[in-house]
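For reference, the structure discussed in these notes is given below.
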Amino acid sequence: MTRFSDLNLNTSILKALSEQSYKTPTPIQQQAIPHILTGNDFLGIAQTGTGKTAAFVLPLLHRLSEDRTSKNWHLPRSIILTPTRELAAQIHKKLKDYGKYLKLTYGVIFGGVNEKPQIHMLHKGVDVLVATPGRFLDLLQQKCFSLKYVQCCVLDEADRMLDMGFLPDIERIVKQLPQCRQTLLFSATLPKAIEHLSDQFLNHPVRIDITPPATASKDVEQSLFFVQKSQKQELLRNILKHDACRRVLVFTRTKFAADRVCKGLKKGEVASSAIHGDKSQRERERALNKFKLGTIRVLVATDVASRGIDVADITHVINYDLPEEPHGYVHRIGRTGRAGNRGCAFSFCDSEEKSLLKHIEKCIQKEIPVTSAKVFWPDFEPIRVPESEKTKKTPRARFYNAKFARKKRSSA
311 MTRFSDLNLN TSILKALSEQ SYKTPTPIQQ QAIPHILTGN DFLGIAQTGT GKTAAFVLPL
371 LHRLSEDRTS KNWHLPRSII LTPTRELAAQ IHKKLKDYGK YLKLTYGVIF GGVNEKPQIH
431 MLHKGVDVLV ATPGRFLDLL QQKCFSLKYV QCCVLDEADR MLDMGFLPDI ERIVKQLPQC
491 RQTLLFSATL PKAIEHLSDQ FLNHPVRIDI TPPATASKDV EQSLFFVQKS QKQELLRNIL
551 KHDACRRVLV FTRTKFAADR VCKGLKKGEV ASSAIHGDKS QRERERALNK FKLGTIRVLV
611 ATDVASRGID VADITHVINY DLPEEPHGYV HRIGRTGRAG NRGCAFSFCD SEEKSLLKHI
671 EKCIQKEIPV TSAKVFWPDF EPIRVPESEK TKKTPRARFY NAKFARKKRS SA
């Protein structure tokens with residue numbers, strides 16, 4: 311069995327890992343670290359919760375600690391770009407944990423907070439900079455730092471970075487990087503529709519697929535509940551009555567829905583908080599800390615949180631609304647069943663979401679087992695939906711259908 315001590319990592323890094331009781335690398339870590347240490351560009355695909363962050367942070371720290379050629383210590387030598395504030399903060403913490411015994415400096419910048427402390431940090435100097443693209447470009451344009459000496463660029467959650475409006479920002483950043491550099495892309499999924507976009511960022515990369523794309527973890531038990539929109543809140547309250555639901559993450563499609571669900575739970579005296587893009591960074595951090603500490607049992611979130619929440623022992627993920635992006639389902643349910651623990655993922659589907667369900671099941675290549683709502687809600691009675699309502703399409707479904715129709719017309 312391979313151990314971290316077999317991977318030729320710096321002894322100071324191994325000491326930090328030992329203190330955290332890390333002994334055996336996960337499959338993605340075992341395969342990625344040797345390739346990254348050689349300086350190859352790398353594309354890594356592995357399920358959420360399999361240790362992708364350590365897979366790029368550990369070799370990155372090793373290479374920086376071994377390199378003593380740079381005289382410009384105040385300028386970043388590595389940058390890590392990530393789609394959400396929560397994920398940026400999480401990666402920054404891992405850098406400090408794994409690199410605590412190295413003579414390196416680490417910084418993080420993201421929007422939603424005052425930029426002055428971040429500018430001060432950059433002027434002092436930083437070896438590794440973690441950032442979200444928007445604030446990164448903003449401070450770069452203000453000439454708060456330079457990319458002249460960047461040796462390694464990491465795009466974490468690559469599918470999200472390339473597919474949620476970040477592509478123009480990423481292209482602008484990459485164009486300003488030195489030609490001679492190492493580039494690493496990591497993600498839980500990499501849909502074929504955007505896979506070709508990685509070609510412009512990587513140079514003859516080593517590619518490792520630990521699991522098939524969009525594969526849900528086997529440690530997560532999935533269940534599907536067919537209910538109408540008006541019944542979702544009551545079903546959620548009934549599910550939360552069970553003692554097994556100790557730490558629950560609830561996903562909604564919109565910010566308004568997240569606030570509404572949270573308000574309904576509080577009326578039922580269920581300790582909960584909402585986290586989404588309209589919340590200030592301080593509010594988001596406060597809610598996340600309460601969730602981690604167990605002060606609240608339920609965190610209601612939009613997809614902004616599906617890539618950045620690393621909370622131990624989440625027992626249940628509940629998709630109050632199905633995600634419009636099929637791959638988002640994998641990321642959502644990947645918040646539970648982590649580090650060898652078992653987890654449960656419940657999904658509510660109303661009559662308007664059946665087209666979204668079809669896309670999700672096609673994406674994960676399996677049908678989600680259906681469970682009767684009566685299991686948790688004995689008084690549940692299905693609501694009959696008029697035939698006209700059954701054919702109603704969600705905005706995303708209407709978009710897909712219109713796009714398909716245009717293609718069909720153009721090929722005719």
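To convert a position in the sequence shown, counted from 1, into the numbering used here, add 310. Note that beta-carbon positions come from the ideal geometry of N, C-alpha and C, so glycine has one too.
- [ ] Using the Cα positions of L319 and R387, report the straight-line distance between them to the nearest angstrom.
- [x] Taking the straight line from one Cα to the other gives about 19 Å.
- [ ] Please confirm whether H637 and D529 have their CB atoms less than 9 Å apart.
- [x] Not in contact: H637 and D529 (Cβ atoms no closer than 9 Å).
- [ ] Could you tell me whether the region 589 to 609 touches the region 551 to 570, using the rule of 3 or more Cβ pairs below 8 Å?
- [x] At 8 Å Cβ cutoff, the stretches touch.
Task: Spatially closest choice to I643 from G653, A649 and E634, by CA coordinates - done: Selected option, being the one with the closest Cα: G653.
- [ ] Label K589 either buried or exposed according to how many other C-beta atoms from any shown protein chain fall within 10 Å of its C-beta, with 16 as the threshold for buried.
- [x] Under this definition K589 is a buried residue.
- [ ] Could you spell out the range, first to last residue, of the alpha helix (DSSP H) harbouring G638?
- [x] Unbroken alpha helix (DSSP H) run through G638: P636 to I643.
Open item on the list: Which runs of the alpha helix (DSSP H) at least 4 residues long sit entirely within the region 567 to 608? Give them in chain order.
Closed with: Within the region 567 to 608, complete alpha helix (DSSP H) segments of at least 4 residues are found at 591 to 603, given in chain order.
- [ ] Would you mind working out which of H345, S315 and S322 sits nearest R517, comparing C-alpha positions?
- [x] Taking the Cα of R517 as reference, the smallest distance to any Cα among H345, S315 and S322 is reached at H345.
TODO: Helix, strand or coil for R517, going by three-state DSSP, please let me know.
DONE: Here R517 sits in strand by DSSP.
- [ ] Leaving aside the five residues before and after Q492 along the sequence, list all residues of the same chain whose C-beta is less than 7 Å from its C-beta, in chain order.
- [x] G349, D351, Q461 and C462, listed in sequence order.
Open item on the list: Using the three-state DSSP reduction, which class does K713 fall into: helix, strand or coil?
Closed with: Low per-residue confidence applies at K713: pLDDT is 46, beneath 50, and the placement is therefore not dependable enough to give any value.
Task: Distance, W687 Cα to T701 Cα - done: Reliability of the predicted coordinates at T701 is poor, the pLDDT of 49 falling under 50, and no value is obtained from them.
Task: Close beta carbons around K713, own chain, < 6 Å, minus the five adjacent residues each side - done: Because K713 sits at a pLDDT of 46, beneath the cut-off of 50, its placement in the model cannot be relied upon, and the point is left open.
TODO: Could you round the C-beta distance between V680 and F561 to whole angstroms and report it? I think they count as a contact, below 8 Å.
DONE: A Cβ-Cβ distance of about 19 Å is found for the pair V680 and F561, leaving them out of contact under the 8 Å criterion.
- [ ] Can you tell me which of the three DSSP states D620 falls into?
- [x] In the displayed model, D620 falls within coil according to three-state DSSP, outside both helix and strand.
- [ ] Measure the alpha-carbon distance for A364 versus D466 and round it to whole angstroms.
- [x] Distance between the alpha carbons of A364 and D466: 12 Å.
- [ ] Determine the burial state of K362: buried for a count of at least 16 other Cβ atoms within 10 Å of its Cβ, exposed for fewer.
- [x] Buried: at least 16 other Cβ atoms inside 10 Å.
Task: Alpha-carbon to alpha-carbon, H626 and I549 - done: Approximately 10 Å, taken between the alpha carbons.
Open item on the list: Just to confirm, is the Cβ distance from I520 to T646 under 9 Å?
Closed with: No. Outside cutoff.
Open item on the list: Quick check on the burial criterion: 16 or more other C-beta atoms within 10 angstroms. Buried or exposed for S328?
Closed with: Taking all protein chains in view, the Cβ of S328 is surrounded by fewer than 16 other Cβ atoms within 10 Å, so the residue is classified as exposed.
Open item on the list: Suppose the cutoff is 8 Å on Cβ atoms and the five residues either side in sequence are ignored; what does the same chain contact list for L414 look like?
Closed with: Here the set comprises L371, L374, S375, D437 and V438.
Open item on the list: Give me the residue from A398, K404, G354 and A399 with the minimum Cα distance to Q330.
Closed with: The shortest CA-to-CA distance from Q330 to any of A398, K404, G354 and A399 is the one to K404.
Open item on the list: Using the three-state DSSP reduction, which class does S721 fall into: helix, strand or coil?
Closed with: With a pLDDT of 36 at S721, under the threshold of 50, the modelled position of this residue cannot be trusted, and the question is left open.
TODO: Determine the DSSP secondary structure at V440, reduced to helix, strand or coil.
DONE: When DSSP states are grouped into helix, strand and coil, V440 belongs to the strand group.
TODO: Could you have a look at A655 and say whether DSSP puts it in helix, strand or coil?
DONE: In the three-state reduction of the DSSP assignment, A655 falls in the strand class, which pools E and B.
TODO: Return yes when the C-beta of A326 is under 8 Å from any heavy atom of the ligand ATP, and no when it is not.
DONE: As for the ligand ATP, it is missing from this structure, which has no ligand bound.
Open item on the list: Could you compute how far the alpha carbon of S497 sits from the alpha carbon of K602?
Closed with: When rounded, the distance between both Cα atoms is 24 Å.
Task: Nearest-angstrom Cα separation, counted from K333 out to S315 - done: Going by the C-alpha atoms only, they are around 8 Å apart.
- [ ] Give me whichever residues DSSP pairs with D466 in a beta bridge.
- [x] As a beta-bridge residue in DSSP terms, D466 pairs with F496.
Task: L534 - containing alpha helix (DSSP H), residue span - done: Bounds of any alpha helix (DSSP H) do not take in L534; it lies within the beta strand (DSSP E) bounded by V530 to F536.
TODO: With DSSP as the reference, label S315 as helix, strand or coil.
DONE: The answer is helix: DSSP assigns S315 an H, G or I state.
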